[in-house]
Amino acid sequence: MHVVALYWQAIVDGGGVDLELTAIAVAVSVVVGILAAVGRIYGGKLLGGAITVYVEIIRGLPPILQLFIIYFGLSQFQINLSSFSAGLLWLVLYGVGYAVEIFRAGIEAVSVGQREAADALGLTRVQALRRIILPQAWMVMLPSLMTFLVLQVKNTTLLYLVGIADIMYQARLGTSATEQPAIMYGMAAIAYLIINLTLSRIGSTLERRQALYR
Amino acid sequence: MSSDVVVDIQGLTKRFGPRTVFEDISFQVHRSEVVAVIGPSGAGKSTFIRCINYLHPFEAGRIRVLDHELVGGGGPPSKATLRQIRMQVGMAFQTFNLFPHLTALGNVMLGPMETKRVPASEARDKAMALLTSVGLADRAEAYPRRLSGGEQQRVAICRALAMDPEVMLFDEPTSMLDPEMVGEVLGTIRGLAAQGMTLILVTHEMQFAKEVADTVVVMADGRVVETGPARDVLEHPTSERSRTFLTRVLKPLEAAGDGQASGPGATTALGGDHP
């Protein structure tokens, strides 16, 4: 079992890379996703339509193909992104495509009466969104947002294909060096489980707290 | 237009697509006047009252609230005008529409803090004073789901009052309430009238309208069919349409008995116009 002792540090390092990429990508795609969702709902035909087309493209294309277009495809136009930049860019672009729909559904789930009450008080649209609509949309969206977070962690496994040293990359490297795939991939699996189970626990704690005034 | 006119409505017309909801409605509301808008369901009363703070746009006519005017037809009003009007016009809804993620106190504090940048401590003091005045001081920290319907509506009225409105709109404020809670909400509205607040309310509470309103406006089939001092209109309606309506709501058993053999009790139940 000395293989485990030898490689666990590499797996932990890979986990760090995965978490870093996920954290940055999710943070950016949540912010952009809120703006895009607001644009899709209130932005009229042109902006709303453009955002809809974007969502359809992201959802319609296989993830690996998107990643390869960004990393390999763009290089033909002398746009040479580093592995890390390309991986992060893809996670963000992909994440925005999903976050838009989550936020749109959440915002639209808030009742018309709430909007009217905010209007009747004289709140601006931004004030109403910040104080009334998004806090309530948040309750509706929390489960989908947690699913989205876990999905993005799992999506980082694809990034070894462009040479990012994540958990998957380390496990493959270890496998070729040791010829013990069961142990190496087993360690990778445990690492992913630890990350995603922790996220799920945080998610259900948040949901329980929110449920208090629901 | 005399100087104490708070709301001046001229030729107001509302259409949903090809359907005309109401047409050519005009009347003025003076300071401290209490106006009850009554009429059969589907007469457009709620839509009408929602036009006053532009929750619904309208196709023709104009509404002046003090110094600000909304004009129908020519596109939406400027954001500044809309905000000014909405800050001067408070509203209580049929379904209360409290913000469920905020406590009773938070609901009442929100308007002034957001729209007028009132500091939190000041907004809190004022909100507590308002909640105390409607007997809800001990419910200040409760979330709406923990409040009864009557309590929710009283909090909603406080939320609107926190903005120091010039006029309050009530859109059927008691029609979603259990009967035993109607009184507490009507009591709150009666208190506002006594303090000289200008009120426009859509209501089915005829007895309340008779006691509290100065003026009654009867809407039917998308028009104002009668308007005048509350007692005159409710007791001696001159228009045929309002007579029919008032007979139905004030003496439902008699109206139902039209064309039927009068059942037992049909005549004895007509002792008066119960709320």
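Heads up: the sequence lines are chains A and B, in that order. Its first residue numbered 66, the first sequence is counted upward by one per residue in the numbering used here. Its first residue numbered 1243, the second sequence is counted upward by one per residue in the numbering used here. For every residue, glycine included, the Cβ atom is placed at its ideal position computed from N, Cα and C. Note that the coordinates shown come from a computational prediction; the quantities given were computed from them, not determined experimentally.
C-alpha gap between residue i and residue j, whole angstroms
i	j	result
Ile267(A)	Ile248(A)	29 Å
His1343(B)	Tyr225(A)	43 Å
Tyr72(A)	Met233(A)	12 Å
Leu1373(B)	Gly81(A)	52 Å
Leu84(A)	Gln1394(B)	45 Å
Gly1281(B)	Leu1492(B)	12 Å
Ser147(A)	Ile123(A)	22 Å
Thr243(A)	Met252(A)	14 Å
Leu271(A)	Ser176(A)	22 Å
Ala70(A)	Leu258(A)	19 Å
Gly1259(B)	Gly1391(B)	34 Å
Leu130(A)	Gly108(A)	30 Å
Gly79(A)	Leu153(A)	15 Å
Thr1510(B)	Glu173(A)	Confidence in Thr1510(B) is poor, its pLDDT being 39 and thus under 50, which makes the residue's placement unreliable; the coordinate value appears in the next sentence. Answer to the nearest angstrom: the Cα atoms are 52 Å apart.
Glu1197(B)	Leu100(A)	This structure cannot speak to residue 1197(B), because chain B is shown only from 1243 to 1517.
Glu1477(B)	Thr1469(B)	13 Å
Ile1291(B)	Arg1304(B)	13 Å
Gln235(A)	Glu1364(B)	59 Å
Ser287(A)	Pro208(A)	No information on residue 287(A) is available, as it lies outside the stretch 66 to 279 that chain A covers here.
Val161(A)	Leu199(A)	17 Å
Asp1515(B)	Pro1494(B)	Any reading at Asp1515(B) must be qualified, since the residue scores a pLDDT of 44, below 50, and its modelled position is unreliable; the value itself is stated next. Distance between the alpha carbons of Asp1515(B) and Pro1494(B): 10 Å.
Arg190(A)	Leu111(A)	20 Å
Glu1453(B)	Ser269(A)	53 Å
Glu1311(B)	Lys1287(B)	21 Å
Asp1463(B)	Ala102(A)	41 Å
Leu223(A)	Gln201(A)	34 Å
Gly1438(B)	Trp203(A)	41 Å
For residue i, the first and last residue of its enclosing beta strand (DSSP E)
i	result
His1310(B)	1310 to 1313
Thr1255(B)	1247 to 1258
Ser1268(B)	1261 to 1272
Arg1304(B)	1302 to 1307
Leu1411(B)	1409 to 1413
Val218(A)	Note, Val218(A): premise wrong, no beta strand (DSSP E); alpha helix (DSSP H) at 199 to 220.
Pro1342(B)	Per DSSP, Pro1342(B) belongs to no beta strand (DSSP E) and is neither H nor E.
Thr1480(B)	Careful: Thr1480(B) lies outside any beta strand (DSSP E) and carries neither H nor E.
Val1459(B)	1457 to 1462
Ala1278(B)	1276 to 1280
Boundaries of the alpha helix (DSSP H) in which residue i is found, first to last residue
i	result
Met1329(B)	1321 to 1330
Met1355(B)	1346 to 1357
Phe149(A)	148 to 174
Ile1442(B)	Run containing Ile1442(B): none in the alpha helix (DSSP H); it sits in the beta strand (DSSP E), 1440 to 1444.
Val1360(B)	No alpha helix (DSSP H) contains Val1360(B), which DSSP labels as neither H nor E.
Glu1468(B)	That residue, Glu1468(B), is in no alpha helix (DSSP H); its beta strand (DSSP E) goes 1465 to 1471.
Ala88(A)	67 to 107
Ser269(A)	246 to 276
Lys1452(B)	1448 to 1454
Val59(A)	Residue 59(A) falls outside the range modelled here, since chain A spans only 66 to 279, and no answer is possible.
Ser241(A)	232 to 243
Beta-carbon gap between residue i and residue j smaller than 8 Å
i	j	result
Thr1457(B)	Glu1275(B)	yes
Leu1378(B)	Ala1346(B)	yes
Leu1352(B)	Gly1314(B)	no
Gln217(A)	Val91(A)	yes
Pro1354(B)	Ala1322(B)	no
Ala256(A)	Ile76(A)	yes
Val1263(B)	Val1249(B)	no
Val1307(B)	Ile1327(B)	yes
Asn220(A)	Pro128(A)	yes
Thr1357(B)	Gly178(A)	no
Pro1479(B)	Arg1485(B)	yes
Ile1442(B)	Ile1294(B)	yes
Met1461(B)	Ala1285(B)	yes
Glu1383(B)	Gln1330(B)	no
Glu181(A)	Leu1324(B)	no
Ala170(A)	Ala183(A)	no
Gln1336(B)	Glu1426(B)	no
Phe1269(B)	Val1459(B)	yes
Nearest-angstrom beta carbon gap, residue j and residue i [assumed within contact, 8 Å]
i	j	result
Ile197(A)	Phe1341(B)	6 Å
Ser43(A)	Val157(A)	Since the first and last residues shown for chain A are 66 and 279, residue 43(A) lies out of range.
Gly1348(B)	Leu1411(B)	Not a contact, Cβ separation roughly 23 Å.
Gly1334(B)	Ile1251(B)	Sequence inspection shows Ala at residue 1334(B); the Gly mentioned does not correspond to that position. That belief does not hold up - the Cβ atoms of Ala1334(B) and Ile1251(B) are roughly 19 Å apart, past 8 Å.
Leu214(A)	Leu132(A)	Incorrect: roughly 19 Å between the Cβ atoms, too far for contact.
* Asked: Just by C-beta distance, which residues in the region 1441 to 1454 of chain B are closer than 9 Å to chain A?
  -> Hits within the stretch: zero.
* **Residues, ordered as in the chain, of the region 196 to 208 of chain A that lie near chain B by beta-carbon distance below 8 Å** => Look at the region 196 to 208 of chain A: the residues with a C-beta under 8 Å from a C-beta of chain B are Arg196, Ile197, Pro200, Gln201, Met204.
* Would you list, in chain order, the members of the region 1314 to 1327 of chain B that have their beta-carbon closer than 7 Å to a beta-carbon of chain A? => Those residues of the region 1314 to 1327 of chain B that come within reach of chain A (Cβ to Cβ, closer than 7 Å) are Arg1325.
* **Members of the region 1327 to 1349 of chain B that neighbour chain A once the beta carbon cut-off is set at 7 Å** => Answer set for the region 1327 to 1349 of chain B: Arg1328, Met1329, Met1333, Phe1335, Thr1337, Asn1339, Phe1341, Pro1342, His1343.
* Asked: When you check each C-beta in the region 79 to 110 of chain A against every C-beta of chain B, which residues fall closer than 9 Å?
  -> The residues in question: there are none.
* To do: Could you please tell me which residues of the region 1349 to 1369 of chain B, in chain order, have their CB closer than 7 Å to any CB of chain A?
  => Contacts with chain A (Cβ-Cβ distance below 7 Å) from the region 1349 to 1369 of chain B involve Leu1352, Gly1353, Glu1356, Thr1357, listed in chain order.
* Contacting positions in the region 1389 to 1410 of chain B - beta carbon closer than 7 Å to chain D -> The chain inventory of the structure shown lacks chain D, comprising the protein chains A and B.
* To do: Select from the region 1286 to 1311 of chain B all residues with a C-beta closer than 9 Å to any C-beta belonging to chain A, and list them in chain order.
  => Within the region 1286 to 1311 of chain B, the residues whose Cβ lies closer than 9 Å to some Cβ of chain A are Arg1292, Asn1295, Tyr1296, Leu1297, listed in chain order.
* Asked: If contact means a Cβ-Cβ distance below 7 Å, which residues of the region 165 to 185 of chain A contact chain B?
  -> Going along the region 165 to 185 of chain A in chain order, one finds Gly178, Gln179, Glu181, Ala182, Asp184, Ala185 with a Cβ nearer than 7 Å to chain B.
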